[in-house]
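Those protein sequences? They're chains C and L, same order as listed.
According to this note's numbering, the first sequence holds residues -3 to 232 in order.
According to this note's numbering, the second sequence holds residues -3 to 232 in order.
For glycine and all other residues, C-beta sits at the position ideal for the given N, C-alpha and C.
Given the structure is predicted, the values throughout are model-derived calculations rather than measurements.
The structure under discussion appears below in the form of C-alpha cells.
Protein chains: 2
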Amino acid sequence: MPHAQPLKDDWERIVRSGAWFASLPAEFAAALLANARLLTLAPGQQLFARGDAPDGIYCVLRGVIRITGITQGGQEALLAMLEAPQWFGEIALFDGAPRTHDAWAEGECELLRIPQPSVLNAIAHYPEGWRELGRLLTQKLRMTFLAVEEITLLPATPRVAARLLTIASGYGTWSDRSKRIIGVSQEQLGLMLSLSRQTVNQSLRELETLGAIQRNRGAIEILDSEKLREARERTA
Amino acid sequence: MPHAQPLKDDWERIVRSGAWFASLPAEFAAALLANARLLTLAPGQQLFARGDAPDGIYCVLRGVIRITGITQGGQEALLAMLEAPQWFGEIALFDGAPRTHDAWAEGECELLRIPQPSVLNAIAHYPEGWRELGRLLTQKLRMTFLAVEEITLLPATPRVAARLLTIASGYGTWSDRSKRIIGVSQEQLGLMLSLSRQTVNQSLRELETLGAIQRNRGAIEILDSEKLREARERTA
DNA sequence: CGCCCTGTGTCGGGTAAATGACACAAGACC
DNA sequence: GGTCTTGTGTCATTTACCCGACACAGGGCG
C-alpha cells in the first residue's frame, strides 16, 4: 500500500502555509515549534474525548481530524472535519477546563502537537502570544456563529450549499486558496447540518443540475462556486 | 476617572458580582475600571450593528441587552439576552474585525463601557490580561457549542427546557446563583430556539403540567429545576 | 371609561424533512 | 473470481413543526 511519507522536512512548510501561523511574529512562531512533536494516528484512532483534561494544542499536517459532539440519544453531531494546516485544541488552553468535543482520526493522520507547558513557556517569553492564540478563538467563534445561522434559518439546499463553501474555504483558514474537491460523504454532511442522508442526497442532486457541483463517491467536486453562492442565498 | 457619581459604589458592586471579573487580579481589574464610562441607553436604542468597527468592551449594569443576528430574508435570529453583570464585545477586541451581531437595548439600560484604547492600555501594564479576556471568549464558545447541540438534536420541548436552564444560569456567568424568573416572551424564546411562537407555547404548557415551571405574562417562573432537567433529557 | 398594543391560547391545514425500506455500484479483502 | 462493506439512489409513509387565522386578556394611557 502506498502509504504516504511521514513528513520529515515538509511539516514546517505545511504549518507555515496557514494564514494564522504565518501571521505570527517570528520569535513566537519559533518558540512554539521549538518543542513541537510529530504524532501519527491510525485510522479511527481517538485523539481526545469530551471531558478529557487539556494536554496541549494541535495542528493537522496530513489526513483529516473529525470533531464530534455527544451521542446522548445515540445521535452524533459532527462539528467539523479539520485538514492541514488547521490548529485546534486551544480552548482548553485558556481556561484549563475539559475538552468540549471528541477528536478522531479519519484515515491515517499526522499531527503536530505542542504540549501545554511548551505553549506556556513560549508565551512567557512573548506575552502577546495570548492575543495571537485568542485570535484562533475568535475565528472559531465567528465560524460557529455562522454555522448557527445556517442551521437555524436556511432550508436544506441552501444549507448544503453554504456548508460546501465553508468547507472549501478551509473554515476560513486560507485567505486565497479554495478546495475544489471535498472529501465528505453525504452521511457526514447530514450529520454536520442536521439533515438526513436522504435529504442531503436530494439537495446535492439539485446543486448538480444547477451545474454548481459534481457528485462523486465519497466526495464532491465544486464546479462553479459562484452558482453555489447563488444557491446559498435562495431563502425559498 | 470615576467621579463623585452617586452610582459609583453601586455599579462597582454590580461589576464585581460577576464570576469572571471577580477572578481578575486586582491590578488588572483596577486598570480596566480606571477609564470606564457609564452609558445609558433608551429603550429600543441600538448600541452597535453587525459590521461596525470595534469600539471597546461592555458590561451590562442594569436592564437587558438583546444580541441579534441577520435578517437576510426578513428573519431575525435572537442570540442572547444579556443581563448584569455580563461582559460582551470582546471578540472584535482580539482580531479588530467588525462586530458579528447587532446589540439593542431592551428597555432602558445602563452599561459600563471600556474604550478600546483603555483596554489595550490596561493590558500593556498586565500582559496576562489577554488570557483573562480570552477566558471570556472560551466561555462564549462553550455556550455556543451547547446551543448548537440543543438546536440540532433536541425536539421542541427538551429544547425549550434546555434554554430555560441556560438562561437561568446567566449563560454560565454565575457559579452559585440561578434566576427563578425569566423575563422573556414566548416570541423571543422562539427566535432563540428557531421555533415558532405557537410551538413554544405548546412546549411551555407541557412543562407547566409537569410542574416544572409557571407561565406568566412576558415571563416564566422556574418552580422545579430538577424536573426541567429531566424534561431536557427526554430525547423522544 | 374606551382604546390600543402587546402577549398569549388554540385550532386546522399545509409542508419540509425524517424515517424505513430496498436495490444498486464501487472498492476492499479473501 | 466471490463476498462484504460502505456509499449512494429513490421510492412511499409519517410526522413534527410551520403558518395563518382569530379570539381573548392585561396593561398603559388618552
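Quick check on residue i: buried or exposed, where buried means 16 or more other Cβ atoms within 10 Å of its Cβ?
| i | result |
| --- | --- |
| C/Q135 | buried |
| L/A101 | buried |
| C/P81 | buried |
| C/I177 | exposed |
| C/G92 | exposed |
| C/R9 | exposed |
| C/P154 | buried |
| C/Q194 | exposed |
| C/W35 | Here the sequence assigns Leu to residue 35 of chain C, which means Trp is not the residue at that position. Flag for C/L35 reads exposed. |
| C/T67 | exposed |
| L/L43 | buried |
| C/D98 | buried |
| C/R228 | buried |
| L/R159 | buried |
| L/T169 | buried |
| C/R46 | exposed |
| C/A38 | exposed |
| C/E146 | buried |
| C/T64 | buried |
What residue does the alpha helix (DSSP H) around residue i start on, and which one ends it?
| i | result |
| --- | --- |
| L/Q71 | Taken as a continuous stretch (DSSP letters only), L/Q71 belongs to no alpha helix (DSSP H), as it is neither H nor E. |
| L/A18 | A15 to A18 |
Would you identify the three-state DSSP class for residue i, choosing helix, strand or coil?
| i | result |
| --- | --- |
| C/W170 | coil |
| C/R138 | helix |
| L/R225 | helix |
| L/L34 | strand |
| C/L29 | helix |
| L/H(-1) | Bear in mind that a pLDDT of 35 at L/H(-1), under 50, signals an unreliable position, so the number given afterwards is only what the model happens to contain. The answer is coil: DSSP assigns L/H(-1) none of H, G, I, E or B. |
| C/A22 | helix |
| L/R230 | coil |
In the DSSP assignment, the beta strand (DSSP E) including residue i goes from what residue to what residue?
| i | result |
| --- | --- |
| C/I10 | Element bounds for C/I10: not the beta strand (DSSP E) but the alpha helix (DSSP H), W7 to R12. |
| L/A215 | A215 to I218 |
| C/G59 | G52 to T64 |
| L/Q42 | Q42 to F44 |
| Which ranges does the alpha helix (DSSP H) cover as unbroken runs of at least 4 residues, wholly within the region 143 to 213 of chain L, from first to last along the chain? | 152 to 164, 182 to 189 and 193 to 205
| task | Pick out the complete beta strand (DSSP E) segments inside the region 73 to 135 of chain L, 3 residues or longer, and give them in chain order. | result | Correct list: 74 to 78 and 98 to 111.
| request: Return the residues of the region 76 to 97 of chain L that lie within a Cβ-Cβ distance of less than 7 Å from chain C, sorted by chain order. | output: I87, F90, D91 and T96
| said: Tell me which residues of the region 152 to 169 of chain C have at least one Cβ-Cβ distance to chain L shorter than 9 Å, keeping chain order. | reply: none
| query | Taking Cβ-Cβ distances below 9 Å as the criterion, which residues of the region 12 to 29 of chain C are in contact with chain L? | reply | none
| In chain order, what residues of the region 187 to 199 of chain C put their CB closer than 8 Å to some CB of chain L? | So the list reads S190, given in the order they occur along the chain.
| message | For the region 128 to 150 of chain C, list every residue whose C-beta sits within 8 Å of some C-beta in chain L, in sequence order. | response | Within the region 128 to 150 of chain C, the qualifying residues are L129, G130, R131, L133, T134, Q135, K136, L137, R138, T140, F141, A143, V144, E145, I147, T148 and L149.
| Which of the residues in the region 102 to 119 of chain L, read from start to end, lie with their CB under 7 Å from any CB of chain C? | none
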